[in-house]
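Q: Residue numbers (UniProt numbering): 1 to 884.
Once you've had a glance at the structure underneath, I'll fire off some questions.
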């Protein structure tokens, strides 16, 4: 930031734009949002502030007129390991209530609806239970009446009532407690309390049970259960919820029975995760382990539905025609897991066709409108293809951000400043129109929007644009232009305005690469020209034949959720890996190794041809890079390991016995021990945010004095970390690998970063390009391959590499991708950005819609013909771009 003086109008749709790294996120999040949050926290008591992570005061002279702030960031929302789309949108909370109050309990054993039972039948079951071997062997037996269910409070009055009425024993949260020894419970936690009636000696138990049963059922509002002295629950008894075939009774339902975060509702085998992971075998307490939701096997007990058998057996009655149409089922009821497995539109159809009694209708009239409102907002932000049981950890950054946006749309707040970070990421041009409409709706509710964005359509829709630049890093942070769209495109200093006005000429190189002759499965040519996947049928994919020309730039487009990532990342990538491993031209599912992700889905494809021509598959996905303070660009791309080895070869380093490890600022031996290699000292102050100051011992360079004496080409290790990648590319030109790595950083427009810059200070666009460099580095030829001129072709699969990139950075990215193809690699890009799609030698469109209505290969061929295709959602937007 270079002493900016910016005015952001209230009640308007404001966009902050500029080249990647120019300071957009610093202005929007680190200054405006952070100061808004800090001022809000200052209104709280000092006692309350100590429990909240406090943000430091931004380096500003003055900030006036800031309303309450809400940030909707680009980061992936993981929530907890069990979070789903339904829980994030709060739909699950309402549906739990609906099932608890209007659901019909069925027996998990027989499938029969539970029914009322006579006292005579209950007494027979009670007598049988007392005669069971486990009851006879038990030292004590109690008939328990539920009094309190999941209610907060210390509950001392209940203990007083029990004592006054001559009762001596309560069961509090599973523990038996003498009424005279009762101590107040934690008032802020939910508790379950039962009255425990002792059935006495074995010879007297049946007689006492018959006497106490009426009393227990009355106190328990129709429910009671038999408890062994060991604390094990033996049998439930109910006047209204009993299996007519087996006589088994069930407890009264409450919303927690439908929560996979509660022991009442979760499947006991997977504890509500729906999957069995290796760490579950190693840890008794699942909450101790790190957030890891990848991999694992579907839980054999609940089949991934997360709930226990009792909860899964509660069903809502639905009109037969609706279920038959949506689920192709003859059933007339639906469980909560079955309902959550549907996308929003189907779920709403089911809720509109419930067959409830008068009481159920009264309950549903309060609940269903809340669900409908939240699901409509999901549709409005382009997420209508997501099923409600989808784990949030599997969402892309754009999907996660738009889910939070949908929640805000439903909050009906007014007078709020919303700060958003590229809400258009991951969105097809068609869905982006709906997103812009949603943002305008937020504005029209009386809110102010501050959106960090590169998308040209979003800028056209904005009321006010702030353009920062002219460069990135130290070359940015200046206000280039401010005003509406027309003002920006006329501003002489604005690079954004010039690119919006003139666009990127396509194709950038003047012509597209010629496509090879049509693929022939009988061809035995030494040099294959096509990679072919037959009958892809994983998840929503509908089959067909995917034909991809080798050594070409390929763009795969389609609306959000159409199946692009499933086809390329989840199917093509592991299939090609297997073809490389088996060294086979033709791969079939029978050849898939047990450890491959495809092993569990043998019908995912029919055949793969010519996947063995590649050295390796290199994938660049959307997952964010780790941003720990001790991570730097040099460490992330693997350059710092090599640099440390270079310093360790110095004669003086060898004389001192220093290894490469000594030149790490994260380990003992070379780092400054005062700051432990951090370069700064953390100052913790009660009731105030943490503060930092440069380390007095090393002056912020992270290393001890003895290491700073060692120099290579007149630079010590700290001097090297302070270099920019532009400078380092020249400094390390003697080293083949380092030269290539530094060159990649320069080519991707990150030459201005220093090698030792802390990763948390990188913008979203910088982090994305750093990740791209790291993955591309894996495909660089070795020194041996370069010296012997050995060509090893790679298959690159990139998922939306334009995230966080300005139009000028997109142009640089296009040139980099073309250079990869020039080196005879095959590059496949999953992309919504029209400027990248327009550069493709070959285009593939998947669709036509998202979810189950997608998965078809609509088009594959030259990009110019895609613009003319009548059945492709991308066509009209691409045609507009190419025609200017």
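Glycine included, C-beta positions come from ideal geometry on N, C-alpha and C.
(1) Quick check on the DSSP output: the alpha helix (DSSP H) that includes residue 36 runs from which residue to which?
(2) Can you tell me which of 188, 801, 278, 159 puts its alpha carbon nearest to the alpha carbon of residue 176?
(3) Taking buried to mean at least 16 other C-beta atoms within 10 Å of its own C-beta, is residue 874 buried or exposed?
(4) What does the Cβ neighbour count give for residue 652, buried or exposed, with the cut at 16 atoms within 10 Å?
(5) Is it the case that the Cβ atoms of residue 19 and residue 458 are separated by a distance below 8 Å?
(6) So which of 195, 442, 803 has the shortest CA-CA distance to residue 771?
(7) With respect to the beta strand (DSSP E) encompassing residue 335, which residues constitute its N-terminal and C-terminal limits?
(8) Checking 8 Å against the spacing of the C-beta atoms, do residue 596 and residue 574 come in under that value?
(9) Roughly how many angstroms separate the alpha carbons of residue 289 and residue 81, rounded to a whole number?
(10) Counting pairs of Cβ atoms below 8 Å between the region 128–147 and the region 260–277, do you hit three or more?
(11) Considering only residues of the same chain and omitting the five flanking positions on each side of residue 326, which have a CB-CB separation below 8 Å?
(12) Report all residues from its chain with a CB closer than 7 Å to the CB of residue 716; omit the five preceding and five following residues, and keep chain order.
(13) With distance defined between alpha-carbon atoms, name the residue in 648, 602, 507, 594 nearest to residue 864.
(14) Below 8 Å, how does it come out for the region 626–641 and the region 742–758: are there three or more Cβ pairs, yes or no?
(15) Would you mind giving the Cβ-Cβ distance between residue 69 and residue 36, rounded to the nearest angstrom? I have them listed as a contact below 8 Å.
(16) Would DSSP call residue 9 helix, strand or coil?
(17) Which residue comes first and which comes last in the alpha helix (DSSP H) that contains residue 496?
(18) Less than 8 Å between C-beta atoms, sequence neighbours within five positions excluded: which residues of the same chain meet that for residue 84?
(19) Could you tell me the alpha carbon to alpha carbon distance between residue 418 and residue 31, rounded to whole angstroms?
(20) Starting from residue 467 and walking both ways along the beta strand (DSSP E), at which residues does that stretch end?
(21) Is it true that the CB of residue 532 sits closer than 8 Å to the CB of residue 545?
(22) Just grab the DSSP bridge partners of residue 860 for me.
(23) Starting from residue 784 and walking both ways along the alpha helix (DSSP H), at which residues does that stretch end?
(24) Would you mind giving the Cβ-Cβ distance between residue 481 and residue 471, rounded to the nearest angstrom? I have them listed as a contact below 8 Å.
(25) Whole angstroms are fine: how far does the CA of residue 702 sit from the CA of residue 647?
(26) Would you call the region 787–799 in contact with the region 1–11, where contact means no fewer than 3 C-beta pairs closer than 8 Å?
(27) Under 8 Å Cβ to Cβ from residue 729, same chain only, skipping five residues before and after it: list those, please.
(28) So, at 7 Å on beta carbons, what are the nonlocal neighbours of residue 382 in its own chain, with the 5 sequence-adjacent residues on each side left out?
(29) Please classify residue 17 as buried or exposed, where buried requires at least 16 other C-beta atoms within 10 Å of its C-beta.
(30) Excluding the 5 residues preceding and the 5 following residue 460 in the sequence, name in chain order all residues of the same chain whose CB lies nearer than 6 Å to its CB.
(31) Which ranges does the alpha helix (DSSP H) cover as unbroken runs of at least 4 residues, wholly within the region 134–189, from first to last along the chain?
(32) Where residue 140 and residue 172 are concerned, what is the direct C-alpha to C-alpha distance, given to the nearest angstrom?
(33) Could you name the residues that DSSP lists as bridge partners for residue 547?
(34) Go to residue 47, then tell me how far its alpha helix (DSSP H) extends in each direction, as first and last residue.
(35) Indicate whether residue 660 and residue 671 have their beta-carbon atoms separated by less than 8 Å.
(36) May I have the straight-line CA-CA distance separating residue 819 from residue 776, to the nearest angstrom?
A: Taking the coordinates as given:
(1) As a first step, residue 36 is located in the chain shown; it is residue number 36 there, counting from the start. Unbroken alpha helix (DSSP H) run through residue 36: 34–42.
(2) In the chain shown, residue 176 corresponds to position 176, counting from 1. Per the Cα distances, 159.
(3) Residue numbering aside, residue 874 sits at position 874 when the chain shown is read from its first letter. So residue 874 ends up on the buried side.
(4) Start at 1 with the first residue of the chain shown, and residue 652 comes out as number 652. Classification of residue 652: exposed, given that the 10 Å Cβ count is below 16.
(5) Counting from one through the chain shown, the residue named residue 19 turns up at place 19. Counting from one through the chain shown, the residue named residue 458 turns up at place 458. It is not a contact, given that the beta carbons lie outside the stated cut-off.
(6) Locating residue 771 in the chain shown gives position 771, counting from the first residue. If we check each option's Cα against that of residue 771, 803 comes out closest.
(7) Taking the first residue of the chain shown as 1, we reach residue 335 at position 335. Where residue 335 is concerned, the enclosing beta strand (DSSP E) stretches over 333–335.
(8) If you number the chain shown from 1, residue 596 lands on position 596. If you number the chain shown from 1, residue 574 lands on position 574. In contact: residue 596 and residue 574 (Cβ atoms closer than 8 Å).
(9) Stepping through the chain shown from its first residue, residue 289 is reached at position 289. Stepping through the chain shown from its first residue, residue 81 is reached at position 81. Model confidence at residue 289 stands at a pLDDT of 49, short of 50, so the residue's coordinates are unreliable and nothing is read from them.
(10) no
(11) Numbered from 1 along the chain shown, position 326 holds the residue referred to as residue 326. So the qualifying residues of the chain are 342, 346, 349, 350.
(12) Residue numbering aside, residue 716 sits at position 716 when the chain shown is read from its first letter. For residue 716, where only same-chain residues beyond five positions count, the Cβ hits under 7 Å are 708, 710.
(13) For this step, residue 864 is matched to residue 864 along the chain shown. Checking every option, the nearest Cα to that of residue 864 belongs to 507.
(14) yes
(15) Reading the chain shown from its first residue, position 69 is the one you call residue 69. Reading the chain shown from its first residue, position 36 is the one you call residue 36. That pair is a contact at about 3 Å.
(16) Taking the chain shown and counting its residues from 1, the one referred to as residue 9 is at position 9. The answer is coil: DSSP assigns residue 9 none of H, G, I, E or B.
(17) Counted from its first residue, the chain shown places residue 496 at position 496. 495–502 is the extent of the alpha helix (DSSP H) around residue 496.
(18) Within the chain shown, numbered from 1, the residue matching residue 84 stands at position 84. The residues are 92, 340, 388, 389, 390, 391, 392.
(19) By one-based count along the chain shown, residue 418 stands at place 418. By one-based count along the chain shown, residue 31 stands at place 31. Rounded to whole angstroms, residue 418 to residue 31 spans 14 Å at the Cα level.
(20) Residue numbering aside, residue 467 sits at position 467 when the chain shown is read from its first letter. That run of the beta strand (DSSP E) goes 464–469.
(21) Translated into positions along the chain shown, residue 545 becomes position 545. Translated into positions along the chain shown, residue 532 becomes position 532. Contact flag set, yes.
(22) The residue labelled residue 860 in the question sits at position 860 within the chain shown. DSSP, once it has assigned bridges, lists 844 as partnering residue 860.
(23) By one-based count along the chain shown, residue 784 stands at place 784. That run of the alpha helix (DSSP H) goes 783–787.
(24) Here residue 481 refers to the residue found at position 481 when the chain shown is read from its first residue. Here residue 471 refers to the residue found at position 471 when the chain shown is read from its first residue. Not confirmed; about 15 Å, so no contact.
(25) The sequence position of residue 647 within the chain shown is 647, counting from 1. The sequence position of residue 702 within the chain shown is 702, counting from 1. In a straight line, the C-alpha of residue 647 is about 16 Å away from that of residue 702.
(26) no
(27) Counting from 1 along the chain shown, the entry for residue 729 is found at position 729. Contacts found: 739, 742, 743, 745, 746, 751.
(28) Taking the first residue of the chain shown as 1, we reach residue 382 at position 382. Contacts found: 402, 427, 431, 434, 435, 560.
(29) In the chain shown, residue 17 corresponds to position 17, counting from 1. With 16 or more Cβ atoms within 10 Å of its Cβ, residue 17 is classed as buried.
(30) Your numbering for residue 460 matches position 460 in the chain shown. Correct list, in chain order: 485.
(31) 156–164
(32) On the chain shown, residue 140 is found 140 positions in, with the first residue counted as 1. On the chain shown, residue 172 is found 172 positions in, with the first residue counted as 1. So the alpha carbons of these two residues sit roughly 17 Å apart.
(33) Along the chain shown, one-based indexing puts residue 547 at 547. For residue 547, which the question treats as bridged, DSSP gives the partners 532.
(34) Taking the first residue of the chain shown as 1, we reach residue 47 at position 47. Per DSSP, residue 47 belongs to the alpha helix (DSSP H) from 46–49.
(35) Working through the chain shown from its first residue, we reach residue 660 at position 660. Working through the chain shown from its first residue, we reach residue 671 at position 671. No.
(36) Along the chain shown, one-based indexing puts residue 819 at 819. Along the chain shown, one-based indexing puts residue 776 at 776. Each residue's Cα considered, the two are about 12 Å apart.
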